[in-house]
Amino acid sequence: MENRDISRNELGGEEISRQYEYMARVRDFNAASGGTKLCYVETYGCQQNEADSENLRGMALEMGYGIADGPEGASLIVFNTCAVREHAEQRVFGNIGALLKYKRRDPSIVIALTGCMAGEEHVAQRIKKSFPYVSIVADSRCLWKFPELLFGVLVNGKREFAVGGSDVIAEGLPLHRNRAVKGWLPVMYGCDNFCSYCIVPYVRGRERSRKPESVEEQFRSMVGAGYRDITLLGQNVNSYGKNSRESFETDFPKLLRRLDSIPGDYLIRFMTSHPKDAGDELFDAMRDCSHVAPHLHLPFQSGSERILKLMNRGYTPEHYLELVRGIRERIPDIVLTSDVIVGFPGETEEDFVRTLELVEKVRFDALFTFIYSPRKGTRAAEMPNDTPAEEINRRFDRLVELQNSISAEKHAAYEGKTLRVLVDGKAENKPDGWLSSRTDGGRLVVFEGSEDLIGSFVRVKINGHTTWSLSGETV
Ligand code: SAH
Ligand code: SF4
Ligand code: F3S
């Protein structure tokens, strides 16, 4: 059979080689100016951005920078930003303002704004006009040419704006992960779904999938390097290899089976799944693949059929419930999590009650709840929206209260059980000696133990819980 597993969006090797040349030139430039320079990358938003930041850090190391864990003392400061909600953007503008003091102290430092905000025309304009001390603006589609942009700033004293352009896949860029147990692995970029509220398709471009060979090669190297928890990333992994520009033999369920056959002691996770593209083949693969975690993050966004239509989501609440039945039939103890938006334009009390009903029917293990935020350029931003903010806040509180009671009951049911967990680090907001870990289903478990356990699977007996986490002791 003809091998159709090719990607037409992959950048040519000579483009990437050219960036390696720029990296070498920046490295020479930095060496000539003496001393060790540091780079600080601050990441906002989702795991896709975390993965992009790993490339930014990798390129920085290649360019002779050390990695700093704060802006103080850094010669290169990169804000890798998120545009999904207004609040996230305001925070970034505030934080950029706070960088002025570093630039005043040392005019040679370079400040860059990258990621999804950089992909919005009005943001790029605002930076151009009002933040003259930001030297680079580059959206996620242009990150691969960061070395060239930085060279332009350092050597030619230019301000560089790289926004839009073509939707490419850049293989072979340097990569630096600062975590040792869990790792991200992007399998696709961009999004074609144009949910009416969402900015992502505009700032990340059209959907494009990496070749299965490239994914497998990176996966094998991560397993070889000791990664125990690998998350395959894409805005809608279920359309992997199936978008308009590519048609791979290897769809997402096949990709899962292919990776699962690689020997080793590890878990495969993936996100995000879109209900319109998830189904029996995915669920069968999840059941059959022993490395695939029993966790499904399946955003439903609203329980109202009318609102789902306005959102352009392409499924009904009934279809969503069918999917939940489908996965629970195959994996009864599946951990189900979801995203939901409250206050979409025109959402009535009746629509909102449908959302509450869906949450009650499914009983998710955890829910990520968002208040609708209008995004310039999206279709929903043009829709009439006259529900008062106080009413939306009240709905939001009702939803959170319902989910908290479900989470608490679900967490209480874990008590007394002994579970396998993967220890991933020291516990946050806990005294020394407490470790953080995840069950195979992804639930957070904290317990007291030696740091030597980080990176291993251990068995923990659960003896306490809060809304967000479980606690226990090793057995
Ligand atoms: N591609 C993923 C989600 C990416 S954004 C998916 O389709 O599921 C993560 C979540 O942010 C979304 O699931 C949605 O619940 C929320 N979100 C996106 N745009 C939003 C907006 N304009 N206002 C409020 N929440 C939004
Ligand atoms: Fe946004 Fe919808 Fe694409 Fe998710 S699937 S990134 S919500 S447009
Ligand atoms: Fe934000 Fe961009 Fe991710 S908008 S949620 S960082 S894809």
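Residues 1046 to 1520 (our numbering) are what the sequence shown spells out, left to right. Virtual Cβ for every residue (Gly too), placed ideally from N, Cα, C.
Cutoff 8 angstroms; reference HIS1510; Cβ partners in own chain excluding five residues on either side: ALA1453, HIS1456, ALA1457, TYR1459, GLU1460 and SER1516
Could you check if ALA1270 is buried or exposed, using at least 16 other CB atoms within 10 Å of its CB as the buried criterion? exposed
Apart from the five residues just before and just after ALA1163, which ones in its own chain have a Cβ nearer than 7 angstroms to its Cβ? THR1126, ALA1169, VAL1182, ALA1183, ASP1184 and VAL1208
Rounded straight-line distance, which links the Cα of PRO1344 to that of LYS1321: 11 angstroms
Kindly indicate the opening and closing residues of the beta strand (DSSP E) around VAL1404. Not the beta strand (DSSP E): VAL1404 falls in the alpha helix (DSSP H), residues 1394 to 1407.
Taking three-plus beta-carbon pairs below 8 angstroms as touching, is the segment 1326 to 1337 in contact with the segment 1286 to 1295? no
Is it right to say VAL1319 is buried, meaning 16 or more other beta carbons lie within 10 angstroms of its own, or is it exposed? What sits at residue 1319 in the sequence shown is His, not Val. With 16 or more other Cβ atoms within 10 Å, it is buried.
Three or more beta-carbon pairs under 8 angstroms between the segment 1113 to 1132 and the segment 1149 to 1157, yes or no? yes
Of all the beta strand (DSSP E) runs that stay within the bounds of the segment 1094 to 1152, which reach a length of 3 or more residues? 1110 to 1112 and 1121 to 1126
Would ILE1313 and HIS1336 qualify as a contact pair, given that the criterion is a beta-carbon distance under 8 angstroms? yes
CB contact flag (SER1418, ARG1130, <8 angstroms): yes
DSSP-derived helix/strand/coil call for ASN1357: coil
Around the ligand SF4, which residues pass a check of Cβ closer than 6 angstroms to any of its heavy atoms? CYS1236, ASN1238, PHE1239, CYS1240, CYS1243, VAL1245, PRO1246, GLN1280, ASN1281 and HIS1319
Taking the alpha-carbon of THR1081 as reference, which of ILE1244, ALA1143 and ILE1112 has the nearest alpha-carbon? ILE1112
How big is the Cα-Cα spacing for GLN1448 and PHE1196? 50 angstroms
Quick check: is any heavy atom of the ligand F3S less than 7 angstroms from the C-beta of CYS1187? no
Compute the minimum distance between the beta carbon of GLY1250 and the heavy atoms of the ligand F3S, and state whether it is under 7 angstroms. no
Cβ of ASP1322 within 7 angstroms of any heavy atom in the ligand SAH? no
Proximity winner among THR1295, PHE1074 and TYR1311, relative to VAL1268 (alpha-carbon distances): TYR1311
Could you tell me which residues DSSP puts in a beta bridge with SER1501? Answer is none; SER1501 lacks a bridge partner.
Report the CB separation of VAL1445 from THR1414 in whole angstroms; it is logged as a contact under 8 angstroms. 6 angstroms
Just checking, does the segment 1344 to 1356 make contact with the segment 1240 to 1260 on the three C-beta pairs under 8 angstroms criterion? yes
Near LYS1506, which residues of its chain fall below 7 angstroms by C-beta distance, leaving aside the five closest residues on each side in sequence? THR1463, GLY1517, GLU1518 and VAL1520
Helix, strand or coil for CYS1236? Go by DSSP, reduced to three states. coil
Is any heavy atom of the ligand SAH found at a distance shorter than 7 angstroms from the C-beta of ILE1386? yes
On the DSSP bridge list, what partners appear for ILE1156? ILE1122
Terminal residues of the continuous alpha helix (DSSP H) containing VAL1260? 1257 to 1269
Taking the alpha carbon of ASP1477 as the reference point, which residue from LEU1467, GLY1487, PHE1492 and GLY1486 has its own alpha carbon closest? PHE1492
Counting contacts by CB-CB distance shorter than 8 angstroms, is ARG1072 in contact with chain B? In the displayed structure, chain B is absent; only one protein chain is listed.
Since MET1428 is in the beta strand (DSSP E), which residue starts that stretch and which ends it? Where MET1428 is concerned, there is no enclosing beta strand (DSSP E), given that its DSSP letter is neither H nor E.
Contact set for GLY1487: own chain, Cβ-Cβ below 6 angstroms, skip 5 residues either direction: HIS1340 and VAL1380
The beta strand (DSSP E) that contains ALA1207, what's its start and end? 1205 to 1207
Exposure of GLY1142, with buried meaning 16 or more beta-carbon neighbours within 10 Å: exposed
Check whether the segment 1403 to 1412 and the segment 1213 to 1229 are in contact - that is, three or more C-beta pairs closer than 8 angstroms. no
Where does ALA1425 land, buried or exposed, given buried means 16+ other C-beta within 10 angstroms? buried
Cutting at 8 angstroms between CB atoms, please list the residues of its own chain near ASP1325, excluding the five before and the five after it. GLY1371
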